[in-house]
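Only one structure is covered here, and it is reproduced in the block below.
2 protein chains.
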Amino acid sequence: MSSAPRIYVPVRLQPGKPAPLDANQSKYLLRVMRLSDGDPVRVFNGQDGEWRAIIIQDSAKKASIRPVEQTRDQIATPDLTLLFAPLKKTRTDFVVEKACELGVQRIQPVMTEFTQSSRVRSDRLQAVVIEAAEQTERMDIPVVEDDMPLLKALNAWPTDRPLFYCDEAGGAKPMQETLSGRAIEAAGILIGPEGGFSAAERGRLRGLPFVVPVTLGPRILRAETAAVAALTLWQSLLGDWRDHPYLPETQNG
Amino acid sequence: MSSAPRIYVPVRLQPGKPAPLDANQSKYLLRVMRLSDGDPVRVFNGQDGEWRAIIIQDSAKKASIRPVEQTRDQIATPDLTLLFAPLKKTRTDFVVEKACELGVQRIQPVMTEFTQSSRVRSDRLQAVVIEAAEQTERMDIPVVEDDMPLLKALNAWPTDRPLFYCDEAGGAKPMQETLSGRAIEAAGILIGPEGGFSAAERGRLRGLPFVVPVTLGPRILRAETAAVAALTLWQSLLGDWRDHPYLPETQNG
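As you go down the protein sequences, you meet chains A and B in turn. The numbering of the first sequence is this note's numbering, which starts it at 64 and goes up by one. The numbering of the second sequence is this note's numbering, which starts it at 64 and goes up by one.
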């Protein structure tokens, strides 16, 4: 049973040195989980691995944690970036949650010509990735960038890094065929909006040497499905799903 | 522009022979899409391919379609079944929608020891898969079975058909490694509930000769993420994502 709640604390972790929790985390542990002084939690901060810790109840609404010992090493997430055009709120949250679970380092919302949704609030998405990272047993939190226009994101892209672009038309090869046998340390995956890219955007993408068009099967996938599918293929063929994983026992393990 | 609405009609399609639409479809075309007599639609029925058709407005609230000509051949979906333990309503709908997009023939909800959700309504899920099939450009509708206990589903499973079981523990190999180089015509994928399978269920699964445990990377995936990831890997390595696909022009293509 490793059913102790797992929480992200953005401070350095040292044995015995208490770290304060914010109001939401305190409320979650004290009110929702009904924990109190001395109860065990698991904490991570993105750099010091995972620690066993205990709760210190400072007041009815305020708690800290005291790290006891490090139980897992810090692990780096593959150097993978997801660029995606914002969708409706629920589907955007879904994409961001799944990108965190599937293991990206960076999430870059991009505004395209046919993007129907308004700009995203990166502070709200930050809360989504923190919760997802806690749940998915990651050791770090992906960076959620502020949204920017697609063309600006392309101009800023490191030219030595492939950007796989899920293109439904134009005769691209299946993604697994394109990835097979390659050795790539760092990459990006670009998912368009529901309406696809405009002709001008597609022309621009196709003209960039680092952009690699790929397809994801014979059916039309919704944007969030394409995001999960493309990240799965990258992680399975080139990323950290290739190893036999270490996994802690799950709650009902 | 192939932006004509695409709808499923559960009747045989013959040139010139009108087929009635139900109240919801009529309302969708006449009220939501504001279409009327003579407007183009695309229709499919799961056996006669896709047809160009026109709307016949029978009354203010009632429409039929008249097939004009067949425009795409009927295509079979890979013989793949998803077995999954029902989740909360939104996430169950999500799994079913994604299974349809990713291309399964059959969806079998299974009740497990740690399944938190109540039984699913297969009539509601049927509406979800029809809408997903229309949107994803499928030529058929996956079958959504009534839920049944996991052990009953395992007893009914054809023993010559591999059932890939996503097992977070126990040292199974990565799914892509397990699938690589195999030739499998028909298979199933089994996704457990959020709490995992019970010890008894895991023992039972591990003892069945057709059950193949696999893992999906070093992080804990939510059930719906695991479903999309596993279906993606199967389709990419053994299913119909291996071919360079035919795809119709999308709306903004």
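For glycine and all other residues, C-beta sits at the position ideal for the given N, C-alpha and C.
- CB-CB under 8 angstroms to residue 71 (chain A), same chain, minus the five flanking residues each way: which ones, in chain order? 106, 107, 108, 109, 193, 196, 197 and 204
- Query: Can you find a CB in chain A that lies within less than 8 angstroms of the CB of residue 299 (chain B)?
  - Reply: yes
- Query: Relative to the ligand ZN, is the shortest distance from any of its heavy atoms to the C-beta of residue 249 (chain B) smaller than 7 angstroms?
  - Reply: In the structure on display, the ligand ZN does not appear, and there are no ligands present to speak of.
- Taking 8 angstroms as the CB-CB limit, is residue 296 (chain B) close to chain A? yes
- With 7 angstroms as the limit, tell me which residues of the region 132-147 of chain A have their beta carbon closer than that to any beta carbon of chain B; keep them in chain order. none
- Contact list for residue 175 (chain A) against chain B, beta-carbon separation under 7 angstroms: Going along chain B, no residue has its Cβ under 7 angstroms from residue 175 (chain A), so there is no contact; the nearest lies around 10 angstroms.
- Do the region 73-92 of chain B and the region 175-186 of chain B make contact, defined as three or more Cβ pairs closer than 8 angstroms? no
- Per-residue contacts from residue 239 (chain A) into chain B (C-beta, under 8 angstroms): 299, 300, 304 and 305
- Message: Suppose the cutoff is 6 angstroms on Cβ atoms and the five residues either side in sequence are ignored; what does the same chain contact list for residue 163 (chain A) look like?
- Response: 192, 195, 196 and 205
- Under three-state DSSP, which class holds residue 245 (chain A)? coil
- Would the region 141-149 of chain A and the region 246-254 of chain A be scored as touching if the rule is three or more Cβ pairs under 8 angstroms? yes
- Message: Taking DSSP's pairing of strands, which residues face residue 91 (chain B) in a bridge?
- Response: For residue 91 (chain B), which the question treats as bridged, DSSP gives no partner whatsoever.
- Task: With DSSP as the reference, label residue 226 (chain A) as helix, strand or coil.
- Result: strand
- Message: Assuming residue 198 (chain A) is part of the alpha helix (DSSP H), what are its boundary residues?
- Response: 185-199
- Classification of residue 212 (chain B) by the beta-carbon crowding that lies within 10 angstroms, buried from 16 upward: exposed
- Query: What residue does the alpha helix (DSSP H) around residue 162 (chain A) start on, and which one ends it?
  - Reply: 152-165
- Item | Residue of A:299, A:300, A:305 and A:289 minimising C-alpha distance to residue 157 (chain A) | A:289
- Query: Thinking C-alpha only, which one of B:280, B:122, B:94 and B:255 is nearest residue 200 (chain A)?
  - Reply: B:280
- Message: Please tell me whether residue 281 (chain B) has its Cβ less than 8 angstroms away from any Cβ of chain A.
- Response: yes
- Message: On a Cα-Cα basis, can you pick out the residue from B:275, B:80 and B:98 that is closest to residue 226 (chain B)?
- Response: B:275
- Give the secondary structure of residue 291 (chain A) by DSSP, where H, G and I count as helix, E and B as strand, and everything else as coil. helix
- Message: Against chain B, with Cβ distances strictly below 8 angstroms, would residue 129 (chain A) count as a contact?
- Response: no
- Item | Spatial distance of residue 118 (chain A) from residue 80 (chain A) (CA atoms) | 12 angstroms
- Of all the options B:210, B:266 and B:134, which has the alpha carbon lying nearest to the alpha carbon of residue 170 (chain B)? B:210
- Item | Secondary structure of residue 74 (chain A), DSSP reduced to three states | coil
- Assuming residue 232 (chain B) contacts residue 255 (chain B) (C-beta within less than 8 angstroms), just tell me the rounded distance between them. That pair is no contact at about 11 angstroms.
- Query: Thinking C-alpha only, which one of B:112, B:222 and B:214 is nearest residue 176 (chain B)?
  - Reply: B:214
- Beta bridge counterpart(s) of residue 175 (chain B) as assigned by DSSP: According to DSSP, residue 175 (chain B) bridges with nothing at all.
- Going by the beta-carbon positions, is the gap between residue 135 (chain A) and residue 116 (chain A) smaller than 8 angstroms? no
- Once you ignore the five residues that flank residue 120 (chain B) on each side, which residues in its own chain have a CB closer than 6 angstroms to its CB? 99, 100 and 126
- Going by C-alpha distance, which of B:153, B:239, B:299 and B:220 is nearest residue 188 (chain B)? B:153
- Query: Per DSSP, which one or two residues make a beta bridge with residue 144 (chain B)?
  - Reply: B:169 and B:251
- Query: Given that residue 166 (chain B) touches chain A, what residues does it touch there, using C-beta distances under 9 angstroms?
  - Reply: 280, 281 and 282
- Message: Quick check: what's the CA-CA separation for residue 237 (chain A) versus residue 155 (chain B)?
- Response: 28 angstroms
- Message: Determine whether the beta carbon atoms of residue 296 (chain A) and residue 66 (chain B) lie at a separation below 8 angstroms.
- Response: no
- Message: Just verifying my parser: in three-state terms, what is the DSSP assignment at residue 240 (chain B)?
- Response: helix
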